[in-house]
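At position 184 of the sequence shown (counting the first as 1) the number is 242 in my numbering, and the numbers step up by one without a gap.
Don't be surprised by glycine CBs; every beta carbon is placed ideally from N, CA and C.
I have placed the structure first, in the form of structure tokens, so that the comments after it can refer back to it.
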Amino acid sequence: MDMGIKGRRAIVCAGSKGLGKGCAVALAAEGVHVTLVARGRDALDQTAGEIRAAGGAVEVVPADITTAEGRKAVLAACPEPDILINNAGGPPTGDFRDFTHDMWLAALEANMLTPIELIKATVDGMIARRFGRIVNITSSAVKAPIDILGLSNGARAGLTGFVAGVARKTVVHNVTINNLLPGLFGTDTMFSRVEAMARGAGISFAQAKESRLKTIPAGRFGTIEEFGALCAFVCSAHASYLTGQNFLIDGGAYPGTF
Ligand code: NAP
Numbered sequence: 059m060d061m062g063i064k065g066r067r068a069i070v071c072a073g074s075k076g077l078g079k080g081c082a083v084a085l086a087a088e089g090v091h092v093t094l095v096a097r098g099r100d101a102l103d104q105t106a107g108e109i110r111a112a113g114g115a116v117e118v119v120p121a122d123i124t125t126a127e128g129r130k131a132v133l134a135a136c137p138e139p140d141i142l143i144n145n146a147g148g149p150p151t152g153d154f155r156d157f158t159h160d161m162w163l164a165a166l167e168a169n170m171l172t173p174i175e176l177i178k179a180t181v182d183g184m185i186a187r188r189f190g191r192i193v194n195i196t197s198s199a200v201k202a203p204i205d206i207l208g209l210s211n212g213a214r215a216g217l218t219g220f221v222a223g224v225a226r227k228t229v230v231h232n233v234t235i236n237n238l239l240p241g242l243f244g245t246d247t248m249f250s251r252v253e254a255m256a257r258g259a260g261i262s263f264a265q266a267k268e269s270r271l272k273t274i275p276a277g278r279f280g281t282i283e284e285f286g287a288l289c290a291f292v293c294s295a296h297a298s299y300l301t302g303q304n305f306l307i308d309g310g311a312y313p314g315t316f
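In structure tokens form, the structure reads like this:
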């Protein structure tokens with residue numbers, strides 16, 4: 059299926075690895091010119107090299123997307139994006155009693171206010187050009203909160219509430235805003251959480267991994283290619299009637315009917 063977005067321009071935040079990389083690769087394969095953002099240069103160059111080797115167009119911006127300077131650098135490199143993928147590292151896990159005020163501010167900055175700032179900076183241009191696709195990578199924890207992920211639950215729920223309102227105002231201009239909610243995907247972040255879980259429970263990495271796998275009806279972790287494919291569809295020309303939605307992609311882990 060041709061996604062109908064060849065020649066469009068995308069900013070993919072936190073796109074050198076993991077879920078962001080999955081989105082960048084899938085969009086580039088559809089002929090989208092991708093501006094890839096992450097802090098570390100090596101992984102950025104590696105991913106950009108893979109995209110170019112597959113025939114895609116990409117430029118990299120080494121920047122911390124959670125800072126005003128980082129966002130300025132990205133918007134200077136790609137001032138008129140048609141597609142914006144909001145993503146950043148997730149906040150640390152822990153007991154809510156140990157979360158300091160500064161930790162809360164960092165989580166809100168990374169997982170709520172940064173996406174809102176980028177939406178604010180890009181949405182009016184999209185409206186004027188009558189095409190825009192904004193996708194926020196959040197978490198299945200927005201739908202089914204996880205106790206040790208209090209910082210994530212709180213910050214991402216704030217973003218979700220904000221998006222729910224704005225997405226209904228922009229869709230008339232063919233600008234949609236949606237959220238993708240990953241369950242467990244085989245990325246560095248997820249495996250480092252499994253490692254922490256193993257240490258905390260005094261079990262081996264293999265045992266901790268097995269216990270996570272047992273929670274997934276699909277019997278496996280998701281792949282970044284599967285995540286990227288969903289992202290490419292939500293960003294496609296065919297998806298102009300989808301807005302303000304939260305798409306759970308979790309191998310069946312969420313047990314509810316809706
Ligand atoms: P990952 O594989 O570890 O990749 C994280 C990416 O984000 C890297 O490219 C990293 O590059 C970049 N990054 C992190 N902080 C950044 C910043 N401040 N500015 C710019 N780039 C930044 O992680 P992932 O699993 O894809 O996770 C992506 C998001 O999805 C996270 O918020 C995570 O909490 C959430 N999530 C993941 C899962 C899962 O199962 N994987 C499930 C639910 C939610 P640099 O470090 O070089 O900057």
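| Item | Value |
| --- | --- |
| Kindly examine the ligand NAP and report whether one of its heavy atoms sits closer than 7 Å to the Cβ of Thr124. | yes |
| Whose CA, out of Met255, Asn145, Gly314 and Ala222, lies closest to the CA of Gln303? | Ala222 |
| Closest by CA to Ala134, which one among Pro120, His296 and Ile261? | Pro120 |
| Taking 8 Å as the cut-off, decide whether the C-beta atoms of Phe157 and Leu209 are in contact. | yes |
| Under 8 Å between the Cβ atoms of Asp140 and Ala87? | no |
| Check whether the stretch 102 to 115 touches the stretch 279 to 293, taking contact to mean three or more Cβ pairs, one atom from each stretch, closer than 8 Å. | no |
| Evaluate the contact criterion for the stretch 191 to 210 versus the stretch 231 to 239: three or more CB pairs, one atom per stretch, below 8 Å. | yes |
| Counting pairs of Cβ atoms below 8 Å between the stretch 201 to 217 and the stretch 153 to 172, do you hit three or more? | yes |
| Return the residue from the list Met255, Pro275 and Ala276 that minimises the CA-CA distance to Lys267. | Met255 |
| Is the separation between the beta-carbon of Ile143 and that of Gly78 shorter than 8 Å? | yes |
| Let's test the definition: count the other Cβ atoms within 10 Å of the Cβ of Ala72 and tell me whether it reaches 16, buried, or not, exposed. | buried |
| For Ser74, I'd like the list of residues in its chain whose CB is within less than 7 Å of its CB, leaving aside the five on either flank, ordered along the chain. | Leu94, Ala96, Gly98, Ala101, Leu102 and Thr105 |
| In this structure, what does DSSP give as the bridge partners for Arg191? | Ile141 and Thr234 |
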